[in-house]
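Peer 1: One structure, pasted below without further comment.
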Amino acid sequence: MMTSATGLLSFLSIVWTVTSLCTSRPSIKHPPQNHPDHDVIIVGGSICGLATAVALKTQLSPINVQIYERATSLKPTGALLSLFPNGMTALQNILGSLQTKSDSKGTLSDVLNQQSVSSQCTIIKQVQEGKVTDERVVKSVDKSNEGKSPGRFILWYQLQNILLEALESASLVDENCISLGCEFQSYSFDNSIGFIHATFKSRTDMGDFTFTKTCKLLIGADGIRSTLRHLISRSDLMPQIRSYKRIIFRALIDANGVDPEIIPRIGAAVVYKSATNVGQIFKLQSCSEAKTIAVTATASTEDTEEVVRQWHSTEAISNWRKAFSDFPTDVLDLIDLCQPSSVYTNCVSDLQIDDKDQSPTLCWSNGDEPVVLVGDAVHGMTPSLGQGGNVCMEDAIELAMIMRRTTKTADTSIVDLTHAQVMETIRRLQSARNGRVVEIHRSSRNQASIKLSADSSLKNYQEKNEAFFRRLYEWTPTSIS
């Protein structure tokens, strides 16, 4: 029924050639006297870090923003990102009117609309003892959005490429604004000059070395296991990572090796769901990229996150084949066709917030130093509502717009803001974001905890929480609402 994938998709071997943006070595240029090396340093070059950098550049240009990323390369993975109306609103504000390299393609917002796919329906196949015992179709309809589908999805690396191009378009000079292979170590604040001193370790062929860079504002976009969060949190207030003992496997498949009857049409998803093991799901989605299938699978696990993250891609595929051994042969064959270089595996987890406190304050900063967290670093949440990436991008544009308002009111650039003005910007961000983020975080956790089955997932949850979803999707940045 299936043939082996003899040819690998060209995009799976892509090595980004945005040489004007990325460098494997930090710059050794010295800034003018009494100026920091960078106006802003961002720790972490994931989607959240890239979006924050683009937002700052479009809202505060000219501004010197530098991203330091631990990974030594940016490579495609099999992860899909759900984009809901609030996430699309955030991205459209982040990208603004930035143009693509090719004039014929128009703006980067146009490219985003072209490459993201509207979610139309889900075909659910219940599985027991290696056979499909039931099949049904669930349409993706959002009653709070005039009957339109609430969600879109895009390949992670497609959005990454859009943001990389946006960085290049927003840069007024030729600059290396992403330093790869640079792991954040520590920071200190010099109150006498108002600068942060951030220390990094760089990995090179010549060995490891440490270096320090100064900035006016340090932003942590380094994910749920944020090093920066550990440094700014008091031990008694440190939010703990909560595990749900479930594992997620993501990968890409070259559809040329797959039986056409199995390939879902663009906009549709096919979900194989175990009838006996709640939460064991194997999901296929066709992407806007020609002949590309994205796989997302979940299963229970006793392995720790550390063990899972250390799996080699081929080992992950082997483990997933064992986990789904009682699924139809179609599923096992699809697992065999997953491209190892695209495999991305992690555990379902979130940052635990104080459930006894009706309105807890998340760890956005320590309140004393010009350091702020955004994205998963401050509010890592379960993927059950698909809101993690969307809320990260909300953070990015809110921070940039609030900072723009601060500099405009002070009639100065970010580097000349007083310490008090920078701290007021951070407080305004926390005030604008905290209540909304806590509500989304808790709703995401509630859906994960009650373990809704695939055929009563987002659609039925929406019907019971229509007011919440209306607030969720109708979001606009505080600074322009």
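In my numbering, the protein residues as written are 34 to 514.
Beta carbons: idealized from backbone N, C-alpha and C, even for Gly.
Can you tell me whether DSSP reads Val76 as helix, strand or coil?
Peer 2: strand
Peer 1: Specify whether the segment 243 to 259 and the segment 108 to 121 touch according to this definition: at least 3 beta carbon pairs, one from each stretch, less than 8 angstroms apart.
Peer 2: no
Peer 1: Cutting at 8 angstroms between CB atoms, please list the residues of its own chain near Thr440, excluding the five before and the five after it.
Peer 2: Leu93, Ser446, Ile447 and Leu450
Peer 1: Let me know the secondary structure DSSP gives Val404 once reduced to three states.
Peer 2: strand
Peer 1: Quick one: is Ala487 buried, meaning 16 or more other Cβ sit within 10 Å of its Cβ, or exposed?
Peer 2: Confidence in Ala487 is poor, its pLDDT being 43 and thus under 50, which makes the residue's placement too unreliable to answer from.
Peer 1: Which residues share a DSSP beta bridge with Phe282?
Peer 2: Ala330 and Thr378
Peer 1: Just to confirm, are Leu196 and Ala433 a CB contact at a threshold of 9 angstroms?
Peer 2: Taking 9 angstroms as the Cβ cut-off, Leu196 and Ala433 do not qualify as a contacting pair.
Peer 1: The beta strand (DSSP E) with Thr232 in it runs from where to where?
Peer 2: Phe228 to Thr237
Peer 1: Between which two residues does the beta strand (DSSP E) holding Asp366 run?
Peer 2: Note, Asp366: premise wrong, no beta strand (DSSP E); alpha helix (DSSP H) at Thr362 to Leu370.
Peer 1: DSSP beta-bridge partners for His71?
Peer 2: Bridge partners of His71: Cys248.
Peer 1: What three-state label does DSSP hand Ser204 in the structure shown?
Peer 2: coil
Peer 1: Among Thr325, Phe233, His452 and Asn310, which has the Cα closest to the Cα of Ala104?
Peer 2: Phe233
Peer 1: Report buried or exposed for Asn67, applying the criterion of at least 16 other Cβ atoms within 10 angstroms of its Cβ.
Peer 2: exposed
Peer 1: Among Leu116, Ile74 and Gly78, which residue has its Cα nearest to the Cα of Val98?
Peer 2: Selected option, being the one with the closest Cα: Ile74.
Peer 1: Helix or strand or just coil, what does DSSP make of Phe217?
Peer 2: strand
Peer 1: Taking all protein chains shown into account, do 16 or more other C-beta atoms lie within 10 angstroms of the C-beta of Met571, making it buried, or fewer, making it exposed?
Peer 2: Nothing can be reported for residue 571: it is not among the residues displayed for the chain, which extend from 34 to 514.
Peer 1: Going residue by residue through the segment 91 to 135, where are the continuous beta strand (DSSP E) segments of at least 3 residues, counting only ones entirely within it?
Peer 2: Those beta strand (DSSP E) runs which fall completely within the segment 91 to 135 and span 3+ residues are 98 to 101 and 113 to 116.
Peer 1: Would you kindly work out how many angstroms separate the C-alpha atoms of Ser149 and Gly300, rounded to a whole number?
Peer 2: 10 angstroms
Peer 1: Go ahead and pull the three-state DSSP assignment for Lys164.
Peer 2: strand
Peer 1: Going by DSSP in three states, Gln454 sits in which element: helix, strand or coil?
Peer 2: helix
Peer 1: I'd like to know if the segment 304 to 319 and the segment 389 to 400 are in contact, where contact means that at least 3 CB-CB pairs between them fall below 8 angstroms.
Peer 2: no
Peer 1: Tell me the DSSP bridge mates of Phe242?
Peer 2: Ser235
Peer 1: Assuming the contact rule is C-beta atoms closer than 8 angstroms, Asp255 and Leu261 should be a hit. Round their C-beta distance to whole Å, please.
Peer 2: 6 angstroms
Peer 1: Taking Cβ to Cβ, would you say Cys380 is nearer than 9 angstroms to Asp409?
Peer 2: no
Peer 1: Any chance the segment 316 to 331 sits against the segment 272 to 284, with 3 or more Cβ pairs inside 8 angstroms?
Peer 2: yes
Peer 1: Let me know the secondary structure DSSP gives Cys320 once reduced to three states.
Peer 2: Coil at Cys320, not helix or strand.
Peer 1: List the residues that DSSP assigns as beta-bridge partners of Ser259.
Peer 2: Ser259 pairs with nothing; no bridge assigned.
Peer 1: With a threshold of 8 angstroms on Cβ separation, who are the neighbours of Arg354 within its own chain once the five nearest residues in sequence on each side are excluded?
Peer 2: Leu365, Ile368 and Asp369
Peer 1: Just verifying my parser: in three-state terms, what is the DSSP assignment at Leu395?
Peer 2: coil
Peer 1: In its own chain, which residues sit with a C-beta less than 7 angstroms from the C-beta of Asp223, not counting the 5 before and 5 after it?
Peer 2: His230
Peer 1: When DSSP builds the beta bridges, which residues end up paired with Phe357?
Peer 2: Paired residues: none, contrary to the question.
Peer 1: State yes or no: is the beta carbon of His345 nearer than 9 angstroms to at least one beta carbon in chain C?
Peer 2: No chain C appears in this structure, which consists of one protein chain only.
Peer 1: For Gly468, count the other beta carbons within 10 Å of its own beta carbon; 16 or more makes it buried, fewer makes it exposed. Which is it?
Peer 2: exposed
Peer 1: Identify, in the order they occur along the chain, each residue of the same chain with its Cβ nearer than 6 angstroms to the Cβ of Leu459, setting aside the five sequence neighbours on each side.
Peer 2: Residue 459 is actually Ile in this sequence, not Leu. Counting only Cβ-Cβ distances below 6 angstroms, and skipping sequence neighbours, we find Ser398 and Val405.
Peer 1: Looking at the unbroken alpha helix (DSSP H) that takes in Ser142, where does it start and where does it end?
Peer 2: Leu141 to Gln148
Peer 1: Answer yes or no: do Gln420 and Ser477 have a C-beta to C-beta separation smaller than 9 angstroms?
Peer 2: yes
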